[in-house]
Amino acid sequence: MESEFIYHITTLKAWEEAQAKKSYVPATFEKDGFIHCSIERQIEGVLERFYQGQRGLVKLKIEKIKVQRPVLFELAEDLNELFPHIYGPLNIDSC
Numbered sequence: 004m005e006s007e008f009i010y011h012i013t014t015l016k017a018w019e020e021a022q023a024k025k026s027y028v029p030a031t032f033e034k035d036g037f038i039h040c041s042i043e044r045q046i047e048g049v050l051e052r053f054y055q056g057q058r059g060l061v062k063l064k065i066e067k068i069k070v071q072r073p074v075l076f077e078l079a080e081d082l083n084e085l086f087p088h089i090y091g092p093l094n095i096d097s098c
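Numbering (my numbering), first residue to last: 4 to 98.
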């Protein structure tokens with residue numbers, strides 16, 4: 004059964020800025036065209052691969068049904084695993 008939640012790792016500073024704007028767009032959005040997310044069991048691997056040693060991180064718990072942009076599960080070919088991607092800014096009331 005697919006979970007109703009997906010997750011995204013960001014910095015506390017970026018999340019506080021998003022709350023003031025009522026919308027979240029990570030720094031990588033312009034380059035990638037989507038917001039990288041994970042399902043719960045993928046979080047540990049994401050932290051190890053991309054955030055090792057970083058401080059001041061927050062894990063956003065996102066309720067998929069409340070996301071106002073398309074959420075697509077797409078293959079990360081290097082891992083042969085599907086990851087959720089949000090195609091547009093994240094409305095903060097989904098967290």
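Each residue gets a CB set at the ideal place from its N, CA and C atoms; glycine is no exception.
8 angstroms Cβ cutoff met for residue i and residue j
i     : j     : result
Leu93 : Ile38 : yes
Glu43 : Ser6  : yes
Lys62 : Ser97 : no
Phe86 : Glu77 : yes
Leu50 : Ile9  : no
From the options, residue whose alpha carbon lies closest to that of residue i
i     : options                : result
Gly36 : Val74, Ile95 and Gln57 : Val74
Gly48 : Ile9, Leu82 and Phe8   : Leu82
Gly59 : Gly91, Thr14 and Tyr10 : Thr14
Anticipated Cβ contact below 8 angstroms, residue i with residue j, distance rounded
i     : j     : result
Ile89 : Cys40 : 6 angstroms
Along the chain, which unbroken stretches of the alpha helix (DSSP H) at least 4 residues long are found entirely within the region 41-97?
-> 46-53
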